[in-house]
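In terms of this note's numbering, the sequence shown is residues 20 to 583. Using N, Cα and C, we set each Cβ at its ideal position, and we do this for glycine too. Predicted model, so just to flag it, every value in this text is computed and none were measured. Written below as C-alpha cells is the structure these notes are about.
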Amino acid sequence: MTTIATLGPKGSDAYQAAKQYEPQAELLLFNHITDIIASISSSRAQRAIIPVYNTREGEVKEYFRLMEDFDQGYWTDNIVLPIHLSLGGWSTTQKLSEVETIIGRSTVFRQCEEYIAKNMPQATLVSVPDLTAAIAAYKKAQSKNHVLIETEDIINDFGLVLIERELAPYNRTRFAVIGRKPHPQTGYDATSLITQPLPDRVGLLVDTLNEFTRRGINILDLRSENDIKTQKLQIYLEVEGHRDNDLLSQALHQIETRVIQEKNCLKILGSFPRVDMRVKKIQSFGFIGSGEMSRWFAEKLGNEGYQTIITGRSSSLRPEQMIEQVDVVIICVPISATTQTVSNYGHLLQDGQALILLAGESEDPLGTALKVTSGGVEVMLVHNLWGPQALTMKDKNVSVVRTNRSGSLCSEFESFLYKYGAEIYLDSAGKHDLLMGVSQKLPTTISVALAMTLDQHAIASEDLDSHSTLTSLYGVLAMARIHNQNPRTYAEIIAASGEGKKIISSFIRNLELIYHLAEERQIDKLCAIIEKNKKIMPAPFLKTKMSQAQAVDAVLSDIGFKGF
C-alpha cells in the first residue's frame, strides 16, 4: 500500500486531495510542510502532497523555499481541488456580530478575507497549526463567542454546529504530488524549475525569458524573491513542455551555459502532466483537410491539451463521421476548394459547435458558411500569414474575421493564437480580401511574371546577380522564394477571387500608364506621380519603412548578396 504524507487533520482539503489522488493509500498527516518533506527524505512516505497555489490567495510561499533543497524526489503530478469552506460554531443562533474570535489556518483566513471583512470585522483571527489541540482547548473553556472556519467534514468531526456554507466561492487549490521517480512524457506536460541565487547583471531576467520565447515555449508561472542568506535574486519558473523535450532542453542548456554562465545554476524540480486552472469549453477539434497546415495546427492544439482528429480524401474516418465527434470543425483546404467544402459539410454541424475556416479568401467562404449552417453554429475565419515551416506563431501576423455568430468557442481559439504570440488583426471580410490582394496576390503575380520575363529574354541568374542593386534584389528574393515552394499554393493565391482582384486590375492599369509615359519620355509627369505618391503616404510610415529597408540592406551586404 502506498503511503502519502500531507497536511492534516483528517477531513482537511489536503487530506481530501490525497484521497482523491489515491483512495486506498495510507495517509500520514502533519501540521507543517517541512515535516511532510522530511517524511519523503526519510522514506517514511512514498509520496507527498502539498498545496502550491490557491485561486484566491495565490502561491503558497513556504514551498518556494523548501523545494530548492529537496533532493530526494520529483514533482510528478498535480491535483486541483475545489475548496469548500464553512463556518462552524456552538449554536445555529450564534450572531456573527457578536463573534470575538475566529479559529483557523492562516491560509484559510486569506481565502475568506472578503467574508470575514463583511460579516465579522470585529473578530480576532487566531491562526493555529494544530486544529485538534486548539478546538479541544476552546471546547474545554466553553468559549461561546468563538467560531471555526474549515471544511464541513472537520466541523462535523469536531462536534460543532454548521452555521454557513461556501464562504469563499470559486475557490480552488492546486496541490503538487511529490514522488521518488520522475514522470515520463505524456505530450501535454510542464516543467518546474528554480534558479540558484543569481549574480547581478543588467538584463539577466529578460535574457533568461527570451530563451523560452524564441523557441515558442510558453511560461505558465514566474515568481521571484531574494534568497534569505545572500539577498540575491532567485527565479521560479513553470514552463510548458517536458524536461526531455528537445526545445526545452536546448533552452535550459543555453540559460545555464550562455545566459547565467554558472554550472548547476538551474534546479529542475520535476516534469508532470500540465494542469490548467482555467475552464476550457473546447475539448476537441476536427480538421477537414489533411495537408501540412492542418497537421501543424493539430500538433500545436494537441500540445495545448485538446484532442484533434484530421480527415481528408484518404483518411479512413470520413469528415461527416468526424463532425459529430468534435466541438470545433476547422476547414483547411486549398483556397479554390474552400467554398465548396463548406457547402458539402457545413449543414452537418449542430447548434453548440463552431466552424472555423483557415483560409486565404474571406467573402465567399464566410457567406456560404453563414448560409448553410444553422443559427446556433459559431462561424469565424482565420488566415494565418505563415506556412507549416514556421517553428512558432511568435510575432507572426494572423487576420481574424469574426461574424455575428462568433461566440465563446471562437474566442477560445483566438485566445490560443494570442497565447503563442501571434499578432492578431481583426478585419471585415471585404477588408481582408482587399489587403490580401496587396500583400499576397499582387507580389505573387509580379514574381511569377518576372520569372517569365527573365526566361523570355534569356537572362541568366548569374547575370541578374551581377547587376542587382540592394533595391532590385528585393524583387529577386521574392521571386526565388515563391519558386522554391509548392507551386499550387501560389497558384491558388493568384487565382483567388474576392476584393483582391481589384488590386490586380488597378495595378495593371497603372503599369500601362507608367509604361506609356516612359515610352514617351514624359519624365516630368513620372516625377509628378512619384511626388504625389509621397504625399499620400504618411511621413512616419516612409521613415519607418526606410529604416527597416536599411537594416535589411546591412544584413544583405554583410552576408554578400551576389552569387549562389
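Is the separation between the beta-carbon of L367 and that of A388 shorter than 7 Å?
no
Q) On the three-state DSSP scale, how would you describe T392? A) coil
Query raised in the report: Does the Cβ of G107 have 16 or more other Cβ atoms within 10 Å, making it buried, or fewer, making it exposed?
Result: For G107, the number of other beta carbons within 10 angstroms of its own is at least 16, and it is reported as buried.
- Indicate the three-state DSSP secondary structure (helix, strand or coil) for H535 in the structure shown. helix
* Residue range of the alpha helix (DSSP H) that L410 falls in? -> Segment: none, L410 is in no alpha helix (DSSP H) and carries neither H nor E.
Using 8 Å for Cβ pairs, my map puts H103 next to R184. What's the rounded Cβ distance?
7 Å
**Study point:** Beta-carbon gap between E382 and S425 smaller than 7 Å
**Key:** No, the Cβ-Cβ distance between E382 and S425 is not below 7 Å.
From which residue to which residue does the beta strand (DSSP E) around S290 run?
L285 to P292
_DSSP three-state assignment for V495, whether helix, strand or coil_ = helix
Review point. Pairing CB atoms from the region 536 to 547 with CB atoms from the region 496 to 504, are three or more of them under 8 Å?
Key: no
Item to check | Where the beta strand (DSSP E) through P70 begins and ends | outcome: R66 to N73
ask   = In angstroms, rounded to a whole number, what distance separates the CA positions of N175 and G394?
value = In a straight line, the C-alpha of N175 is about 51 Å away from that of G394.
Cβ-Cβ distance between V417 and L400 below 7 Å:
no
| query | So what does DSSP say about T111, is it helix, strand or coil? | reply | coil
Span of the alpha helix (DSSP H) holding F194?
-> Segment R191 to G198 is the beta strand (DSSP E) holding F194; no alpha helix (DSSP H) there.
- Query: Between the region 286 to 294 and the region 207 to 227, do three or more beta carbon pairs fall short of 8 Å?
  - Reply: yes
Report task. Classify N416 as helix, strand or coil using the three-state DSSP reduction. Result -> strand
- Can the beta-carbon of V71 be found closer than 7 Å to that of R193? yes
| message | Between which two residues does the alpha helix (DSSP H) holding Q302 run? | response | Looking at the DSSP string, Q302 is not in any alpha helix (DSSP H), and its letter there is neither H nor E.
- Message: For T411 and G235, which I take to be in contact (beta-carbon distance under 8 Å), what is that distance rounded to the nearest angstrom?
- Response: With a Cβ gap of about 3 Å, T411 and G235 count as contacting.
Determine the extent of the beta strand (DSSP E) in which D96 is found, giving its start and end residues. Y93 to P101
_Whole angstroms are fine: how far does the CA of Y134 sit from the CA of E433?_
36 Å
Counting pairs of Cβ atoms below 8 Å between the region 62 to 78 and the region 134 to 154, do you hit three or more?
no
Buried versus exposed call for G77 [16 or more other C-beta atoms within 10 Å across all chains shown]: exposed
### Message
Does S485 pass the burial test, meaning 16 or more other C-beta atoms within 10 Å, or should it be called exposed?
### Response
Per the 10 Å Cβ criterion, exposed.
So, does the region 39 to 47 touch the region 20 to 27, judging by three or more C-beta pairs under 8 Å? yes
Let me make sure I understand the geometry here. Which of L228, F231, I197 and G123 has the alpha-carbon closest to that of T170?
G123
- Counting pairs of Cβ atoms below 8 Å between the region 293 to 308 and the region 247 to 255, do you hit three or more? no
Where R242 falls: helix, strand or coil (DSSP): strand
- Task: Measure the Cβ-Cβ separation of I342 and V348 and say whether it is below 7 Å.
- Result: yes
Taking Cβ positions, are D246 and V278 nearer each other than 7 Å? no
- Query: Looking at the structure shown, is E259 part of a helix, part of a strand, or coil, going by DSSP?
  - Reply: Per DSSP, reduced to three states, the secondary structure at E259 is strand.
task = Indicate the three-state DSSP secondary structure (helix, strand or coil) for D346 in the structure shown.
result = coil
* **Start-end ranges of the beta strand (DSSP E) lying completely within the region 132 to 170, minimum 3 residues** => 143 to 146 and 165 to 170
**Where the alpha helix (DSSP H) containing M399 begins and where it ends** = Element bounds for M399: not the alpha helix (DSSP H) but the beta strand (DSSP E), E397 to N403.
Open item on the list: Please list the terminal residues of the continuous alpha helix (DSSP H) segment that includes E433.
Closed with: S427 to K438
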